[in-house]
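S.K.: Each residue of the sequence shown is one higher than the one before, starting from 15 at the first, in this note's numbering.
No residue lacks a Cβ here, since even glycine has one placed at the ideal position from N, Cα and C.
I have a structure here, written as structure tokens, and I will follow up with some questions on it.
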Amino acid sequence: MKLQQLQYLQAVAQEGFSMTRAARALGAFQPAISTQLRLLERELEVDLLVRRNNRIHGLTVAGTSIIKSVDLILREAENLRRTALEFTQEGDQQLVVATTHTYARYALGAIVKEFVAQYPRVKLVLRQGIPAMVAEWVATGAADLGISGRPVDQQDPLIFLPCEARTRSLFVPAGHPLLDEGDMTPARIAAYPLITLDAQTEGGSTVLNAFEAAGCAPNVALSVIDADVAKAYVERGLGVAVLLSMAFEPERDHALRVIDVDDLFERTIPEIMFHSGKHITSAMLEFIGKFAPQWDRPAIELATRHSGRETDATTNA
15 MKLQQLQYLQ AVAQEGFSMT RAARALGAFQ PAISTQLRLL ERELEVDLLV
65 RRNNRIHGLT VAGTSIIKSV DLILREAENL RRTALEFTQE GDQQLVVATT
115 HTYARYALGA IVKEFVAQYP RVKLVLRQGI PAMVAEWVAT GAADLGISGR
165 PVDQQDPLIF LPCEARTRSL FVPAGHPLLD EGDMTPARIA AYPLITLDAQ
215 TEGGSTVLNA FEAAGCAPNV ALSVIDADVA KAYVERGLGV AVLLSMAFEP
265 ERDHALRVID VDDLFERTIP EIMFHSGKHI TSAMLEFIGK FAPQWDRPAI
315 ELATRHSGRE TDATTNA
């Protein structure tokens, strides 16, 4: 049995059982993939793929069970490679961090600058998406680390490390009437056009839920994807916006003002996430530590063990 055979099986499954797409993804020839898969089945003495009319239609019952072990074996093989790479000067490493636009734009800039200076041989890649996409990328191995709020549909194989809570502020244009109001309330905010983040983005649903809980319906003028766009429209006088406080940059946002509304809207707790089977390299550990210094290796190992016990308890229930 060869790792290459397992890689072929995994690729065929991931590419929807299309040999053409699998060959393209692997940079291999279709006949070579087909031959190696047949050899793997012969060695295991069981059919892994459902074949009809010279096409693959899915996994057999045995294949469905075995593919889980294949994913684990290949993940551990990648962990071995990464571990070895840390002890050699040959080759460069890559660290893929998935996060939302808000954190990439407002929270990670200084961290990224410091990290790339400290690890010049590590290629740092930032992938941006909504929290559900961030979790999916980490769960499938498309990203090493994720930083975002926890998605509604929690991914089972992920370890979550909660970080410092982030507050929200009301962004208004300079001279806005709300600046002269006393204590802020959802009803007072709802009296003006509201620019919201899409419900699937970081904090979009949290803000709308707060208005609903207060029994008032905001006048949503626009729904946008990221805080930069929201601020641009607030500047133009199209409405007000409730955003994470860290999105306010005094040196740039000269035409904006912010009002503290921390007591009106639930705080966001960003979480660092990684796959439970992932080997934590020194580069990953350093990046985690720069974002959340409380998460050193012993703390991460403790969180991983605790998560494993919770998973076992759920499985045995």
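Using 10 angstroms around the beta-carbon of T34, count the other beta-carbons present and answer buried if the total reaches 16, otherwise exposed.
M.R.: T34 is exposed by the Cβ-count criterion.
S.K.: Give the DSSP bridge partners of E285, in chain order.
M.R.: Paired residues: S162 and P176.
S.K.: Could you check where the alpha helix (DSSP H) with G123 kicks off and where it finishes?
M.R.: Segment G123 to Q132, the alpha helix (DSSP H) holding G123.
S.K.: For K82 and A244, I'd like the C-alpha separation in whole angstroms.
M.R.: Those two C-alpha atoms are separated by around 43 angstroms.
S.K.: Quick one, are the C-beta atoms of P145 and A269 less than 8 angstroms apart?
M.R.: Not closer than 8 angstroms, so no.
S.K.: What residues in its chain sit with their C-beta under 7 angstroms from that of G77, if we drop five residues either side in the sequence?
M.R.: The residues are L62 and L63.
S.K.: Rounded to whole angstroms, what's the CA-CA distance from R180 to V60? Just pull it up for me.
M.R.: The alpha-carbon atoms of R180 and V60 are separated by roughly 53 angstroms.
S.K.: Using the DSSP secondary-structure output, state which residues sit across from S237 in a beta bridge.
M.R.: Answer by DSSP bridge pairing, in chain order: T210.
S.K.: Between the C-alpha atoms of T114 and T215, what's the straight-line distance to the nearest angstrom?
M.R.: Cα to Cα, the separation comes out at about 8 angstroms.
S.K.: Counting only the same chain and skipping the five closest in sequence on each side, list residues whose C-beta sits under 8 angstroms from that of E324.
M.R.: Note that E324 scores 40 on pLDDT, short of 50, meaning its location in the model is unreliable; the coordinates nonetheless yield the value given after this. No residues qualify anywhere along the chain.
S.K.: Which runs of the alpha helix (DSSP H), 4 residues or longer, sit entirely within the region 22-78?
M.R.: List check, alpha helix (DSSP H) in window: 33-40 and 44-58.
S.K.: Per the DSSP calculation, A255 is bridged to which residue(s)?
M.R.: A255 pairs with F185.
S.K.: Decide yes or no for the touch test of the region 140-157 against the region 248-259: beta carbon pairs closer than 8 angstroms, at least 3 of them.
M.R.: Flag = no, the region 140-157 and the region 248-259 do not touch.
S.K.: Once the 5 residues before and after Y133 are set aside, which same chain residues still bring their CB inside 6 angstroms of it?
M.R.: Correct list, in chain order: A297.
S.K.: Are the beta-carbon atoms of L23 and V75 separated by less than 8 angstroms?
M.R.: No, Cβ-Cβ distance for L23 and V75 is not below 8 angstroms.
S.K.: G155 CB to nearest chain D CB: under 8 angstroms?
M.R.: Although the question refers to chain D, the structure presented lacks it and comprises just one protein chain.
S.K.: Grab the span of the beta strand (DSSP E) containing V275 for me, first residue to last.
M.R.: Per DSSP, V275 belongs to no beta strand (DSSP E) and is neither H nor E.
S.K.: What number of angstroms, rounded off, separates the C-alpha of A131 from the C-alpha of H190?
M.R.: If I take the Cα positions, the gap works out to 43 angstroms.
S.K.: By how many angstroms is the C-alpha of P284 removed from the C-alpha of A156?
M.R.: For A156 and P284, the distance between alpha carbons rounds to 20 angstroms.
S.K.: Using alpha carbons as the reference points, say which of V26, H293, G303 and F301 lies closest to A91.
M.R.: Nearest of V26, H293, G303 and F301 to A91, Cα basis: H293.
S.K.: I'd like the span of the beta strand (DSSP E) that includes A157, first residue to last.
M.R.: Premise fails: A157 is in no beta strand (DSSP E) and is neither H nor E.
S.K.: Is L316 buried or exposed, if buried means 16 or more other CB atoms sit within 10 Å of its CB?
M.R.: L316 is exposed by the Cβ-count criterion.
S.K.: Could you compute how far the alpha carbon of L252 sits from the alpha carbon of A235?
M.R.: The alpha-carbon atoms of L252 and A235 are separated by roughly 8 angstroms.
S.K.: If I follow the unbroken beta strand (DSSP E) through T113, where does it start and stop?
M.R.: Q107 to T113 is the extent of the beta strand (DSSP E) around T113.
S.K.: For P165, count neighbouring Cβ atoms within 10 angstroms of its own Cβ and tell me buried if that reaches 16, exposed if not.
M.R.: Buried, since its Cβ has 16 or more Cβ neighbours within 10 Å.
S.K.: With which residues is Q142 paired in a DSSP beta bridge?
M.R.: In the DSSP output, where bridge partners are listed per residue, Q142 has T113.
S.K.: On a CA-only basis, which of A25, A227, V254 and C230 is nearest A39? Give me that one, please.
M.R.: If we check each option's Cα against that of A39, A25 comes out closest.
S.K.: Locate the alpha helix (DSSP H) running through E300, then write down its first and last residues.
M.R.: Segment S296 to F305, the alpha helix (DSSP H) holding E300.
S.K.: Return the CA-CA distance between D277 and L193, expressed in angstroms with no decimal places.
M.R.: Whole-angstrom Cα-Cα distance: 17 angstroms.
S.K.: If you draw a straight line from the alpha carbon of G332 to that of T318, how long is it in whole angstroms?
M.R.: The requested residue 332 is not part of the displayed model; the chain covers only 15 to 331.
S.K.: Would DSSP call K137 helix, strand or coil?
M.R.: Strand.
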